[in-house]
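Peer 1:
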Amino acid sequence: MNGDEIELKLAIAPESRTRLGRLPLVRDHRVGTTVSRIQKSVYFDTPDLTLARAGVTVRLRQGGGPVQTVKTAGERVSGLFNRREWEWRLNGPSLDTAVLASTGLGVFASPSVLTTLEPCFVTDIRRSLTILAGPGWRIEMALDRGEIRAGERTAPVSEVELELREGASIHLFALARHIAQAIPVRLLPHSKSDRGHALAANRPAAAVKATAPALDPGMTLSDAFRAIAHNCLHHLLANQDALRERGDGEAVHQMRVALRRLRSAFRIFRPMLAGQELDALRPRLGWLLSQLGPARDAEVFLAEIIAPVVERHPGHAALTTLRERWRVECLDHLAMAQTAVADPRFSLLLLDLGAWVEAGEWQASPLAGQPLAPFAAKVLNRLARRLRRAGGKRPDRLPPADLHRVRIAGKHLRYAGEFFAALYGKRARDTLTVLARLQDTLGEINDIAVAGPRLAACHHLGDAAWAAGLVTGWHEARRPELLATARTLWGELHRRRRFWRD
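Note that the UniProt record's numbering numbers the sequence shown so that position 456 is 456, with each residue one more than the last.
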């Protein structure tokens, strides 16, 4: 058997499992009885994890007769897993490598892969399966509890898996939202096989950078927006575990980038998106940014403003005192960010964004079917003109507030350019590299400007006040060089031919 698998995964606290079956939507739409069984699954890979790198999973599951399954990583958008799946019922308990080539996946064309597959990790799961159905939809709801084992390491499993059997993905989001309103849940960005491979490699959750959305010139505006928005939401979701589990400051940064990219997409496609549904989502995005922002700002202040001066004056007691004061503040703000991603509002926001991207009112816009390529060129041209107006001929001579506006205009052009880069190839990459360097330089200048009031506020801290003055002077001495670099990059950027023009 083979086909597509579309599902949502929700982490759920063990003590909340019994409440799931009593939810009104679950109770009223249950078809038949819930079936429970024990499933022991062995996941295979080569010693150097060839399958994991290729985004392919091979699983042999016992329980009700051995079943061998192959899955691809597929698309992961807004928490949805959309994967290719092949399944074979076996007569014996051993892996059948002979059938793997029938999937047509390139990774199985190598005999060395087929002959070196070995157990990588095991899952022991008690699965309670309930079928839910309504007009035009049918969903399998699986409540899984158990553990993943890789050698001596283990990880608990307590999750709800919602798999679409009939209907549209909006039905998955609706059911997930119904659950999330009644029971604390967390949208999962990773499958059990992802977690198993990470456990086998003893690899903790880490911050993830943005990837480019998969666009092509033949897309419509609706196709392009959906691809970009899903890309941003996956970027946001992929960083929650590193923040939640490890308090990773880089994960906070990446989540803020994801939100800013998403809001940039809203601006780019505003003529198509405007409506009450988007208006209702905006303040909720603002809430999340307000919870993440202080942690990132404090970390930048500590790492980019204070730390470089401390490194050049090792053992200076006043500087060490100043650093430790801000380190405590960083930890406080990180705790606030961790609280935000554990808040039910975060999960509900992700689900509502995913549902809106999939089936929001914006899809009825007459612009939805318009071709992407001319629209992208028009957007990039408008943003480039705005940047040029903001910076003029000599942005290095602008006062800090105006230079900040140049930075923001450049950021809008950069995000749009990165979204549409796949339409233009190498020409886009070269120009965007220069724009990114300009953005980094302007960002450093802005960090110095923002740091001024913070450092001035230390005037009452005794020796730390003297240290703050030292930090201020050190960074002010850097400004002329940074401004000169910005001027050079500005000239280089505007000498380049605009890549969106034929």
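Think of the CB as a built atom: it goes at the ideal place given N, C-alpha and C, for glycine as much as any other residue.
Using beta-carbon positions only, say whether ILE228 and PHE346 come within less than 7 Å of one another.
Peer 2: Taking the sequence shown and counting its residues from 1, the one referred to as residue 228 is at position 228. Taking the sequence shown and counting its residues from 1, the one referred to as residue 346 is at position 346. In this structure, PHE346 does not lie closer than 7 Å to ILE228 by Cβ.
Peer 1: Please identify the residue among ALA340, ALA176, ILE268, ALA201 whose C-alpha is closest to the C-alpha of ASP241.
Peer 2: As a position in the sequence shown, residue 241 is number 241, starting the count at 1. Among ALA340, ALA176, ILE268, ALA201, the Cα nearest to that of ASP241 is on ALA340.
Peer 1: When the distance is taken between beta carbons, is THR123 closer than 7 Å to SER41?
Peer 2: The count along the sequence shown starts at 1 and reaches residue 41 at position 41. The count along the sequence shown starts at 1 and reaches residue 123 at position 123. It is a contact, given that the beta carbons lie within the stated cut-off.
Peer 1: For the beta strand (DSSP E) that contains CYS120, what are its first and last residues?
Peer 2: The count along the sequence shown starts at 1 and reaches residue 120 at position 120. Segment 118-134, the beta strand (DSSP E) holding CYS120.
Peer 1: Can you tell me whether ILE38 is buried or exposed, with buried defined as 16 or more other CB within 10 angstroms of its CB?
Peer 2: In the sequence shown, residue 38 corresponds to position 38, counting from 1. With fewer than 16 other Cβ atoms within 10 Å, it is exposed.
Peer 1: Suppose you measure from the CA of HIS29 to the CA of GLY134; what does that come to, to the nearest Å?
Peer 2: Counting from one through the sequence shown, the residue named residue 29 turns up at place 29. Counting from one through the sequence shown, the residue named residue 134 turns up at place 134. C-alpha separation (whole angstroms): 6 Å.
Peer 1: Is SER169 helix, strand or coil by DSSP?
Peer 2: To locate residue 169, count along the sequence shown from 1; it is residue 169. Helix, per DSSP.
Peer 1: Which ranges does the alpha helix (DSSP H) cover as unbroken runs of at least 4 residues, wholly within the segment 9-58, from first to last along the chain?
Peer 2: With a minimum length of 4 residues, the continuous alpha helix (DSSP H) runs that stay inside the segment 9-58 are 17-20, 24-29, 50-54.
Peer 1: Roughly how many angstroms lie between the CA atoms of ARG405 and LEU413, to the nearest whole one?
Peer 2: Residue 405 sits at position 405 when you count from the first residue of the sequence shown. Residue 413 sits at position 413 when you count from the first residue of the sequence shown. Going by the C-alpha atoms only, they are around 12 Å apart.
Peer 1: Quick check: what's the CA-CA separation for LEU51 versus SER110?
Peer 2: For the purposes of this step, residue 51 is taken as the residue at position 51 of the sequence shown. For the purposes of this step, residue 110 is taken as the residue at position 110 of the sequence shown. Each residue's alpha carbon lies about 12 Å from the other.
Peer 1: Can you give the beta carbon distance from MET219 to SER365, rounded, assuming they're within the 8 Å contact cut?
Peer 2: Residue 219 sits at position 219 when you count from the first residue of the sequence shown. Residue 365 sits at position 365 when you count from the first residue of the sequence shown. About 15 Å; that fails the 8 Å criterion.
Peer 1: Can you check which of these residues, LEU215, LEU100, VAL257, is closest to LYS209 by C-alpha distance?
Peer 2: In the sequence shown, residue 209 corresponds to position 209, counting from 1. LYS209 has its Cα closest to that of VAL257, out of LEU215, LEU100, VAL257.
Peer 1: For VAL439, collect the residues of the same chain with a Cβ closer than 8 Å to its Cβ; drop the 5 residues on either side in sequence, then sort them by chain order.
Peer 2: If you number the sequence shown from 1, residue 439 lands on position 439. The residue asked about is misnamed: residue 439 is Gln in this sequence, not Val. So the list reads ARG407, GLY410, LYS411, ARG414, once near-sequence residues are dropped.
Peer 1: Of the residues ARG263, LYS192, GLY369, LEU164, which one's Cα is nearest the Cα of ARG284?
Peer 2: Here residue 284 corresponds to residue number 284 of the sequence shown, with the count starting at 1. Ranking ARG263, LYS192, GLY369, LEU164 by Cα distance to ARG284 puts ARG263 first.
Peer 1: Take the Cβ of LEU319 as the centre, count every other Cβ of all protein chains shown within 10 Å, and call the residue buried at 16 or more, exposed below.
Peer 2: Within the sequence shown, residue 319 is the residue found at index 319, counting from 1. LEU319 should be labelled buried.
Peer 1: With a Cβ-Cβ cutoff of 7 Å, do LEU25 and HIS178 count as a contact?
Peer 2: Residue mapping note: residue 25 aligns to position 25 of the sequence shown, counting from 1. Residue mapping note: residue 178 aligns to position 178 of the sequence shown, counting from 1. Yes, they are a contact pair.
Peer 1: Taking the C-alpha atoms as reference points, what is the distance between ALA182 and ALA174?
Peer 2: Reading the sequence shown from its first residue, position 182 is the one you call residue 182. Reading the sequence shown from its first residue, position 174 is the one you call residue 174. About 13 Å.
Peer 1: Less than 6 Å between C-beta atoms, sequence neighbours within five positions excluded: which residues of the same chain meet that for ARG31?
Peer 2: Position 31 of the sequence shown, counted from the start, is the residue given in the question as residue 31. In the sequence on display, residue 31 carries Val and not Arg. Closer than 6 Å at the Cβ level, and outside the excluded window around VAL31, lie ILE131, ALA133.
Peer 1: Roughly how many angstroms separate the alpha carbons of THR321 and ALA265, rounded to a whole number?
Peer 2: Position 321 of the sequence shown, counted from the start, is the residue given in the question as residue 321. Position 265 of the sequence shown, counted from the start, is the residue given in the question as residue 265. C-alpha separation (whole angstroms): 42 Å.
Peer 1: According to the neighbour-count rule (16 or more other Cβ atoms, all chains shown, within 10 Å of its Cβ), is ALA13 buried or exposed?
Peer 2: As a position in the sequence shown, residue 13 is number 13, starting the count at 1. Exposed, because fewer than 16 other Cβ atoms sit within 10 Å of the Cβ of ALA13.
Peer 1: Can you look up ASN91 in the DSSP assignment and give me helix, strand or coil?
Peer 2: Taking the first residue of the sequence shown as position 1, residue 91 is located at position 91. In the structure shown, ASN91 sits in coil (DSSP, three-state: anything other than H, G, I, E or B).
Peer 1: Inspect the beta-carbon positions of ARG127 and ALA142 and report whether they are closer than 7 Å.
Peer 2: Within the sequence shown, residue 127 is the residue found at index 127, counting from 1. Within the sequence shown, residue 142 is the residue found at index 142, counting from 1. Yes, Cβ-Cβ distance for ARG127 and ALA142 is below 7 Å.
Peer 1: In whole angstroms, what separates the C-alpha of LEU432 from that of LEU383?
Peer 2: Taking the first residue of the sequence shown as position 1, residue 432 is located at position 432. Taking the first residue of the sequence shown as position 1, residue 383 is located at position 383. If I take the Cα positions, the gap works out to 13 Å.
Peer 1: According to DSSP, which residues form a beta bridge with GLN62?
Peer 2: Taking the first residue of the sequence shown as position 1, residue 62 is located at position 62. In DSSP, GLN62 forms a bridge with LYS40.
Peer 1: Short check: CB of VAL434 to CB of GLU492, under 7 Å?
Peer 2: One-based indexing of the sequence shown puts residue 434 at position 434. One-based indexing of the sequence shown puts residue 492 at position 492. Closer than 7 Å, so yes.
Peer 1: Using the Cα positions of PHE108 and LEU49, report the straight-line distance between them to the nearest angstrom.
Peer 2: Along the sequence shown, one-based indexing puts residue 108 at 108. Along the sequence shown, one-based indexing puts residue 49 at 49. Looking at the two C-alpha atoms, the distance is approximately 13 Å.
Peer 1: What span of residues does the beta strand (DSSP E) with ASP144 cover, start to end?
Peer 2: Counting from one through the sequence shown, the residue named residue 144 turns up at place 144. Note, ASP144: beta strand (DSSP E), 137-150.
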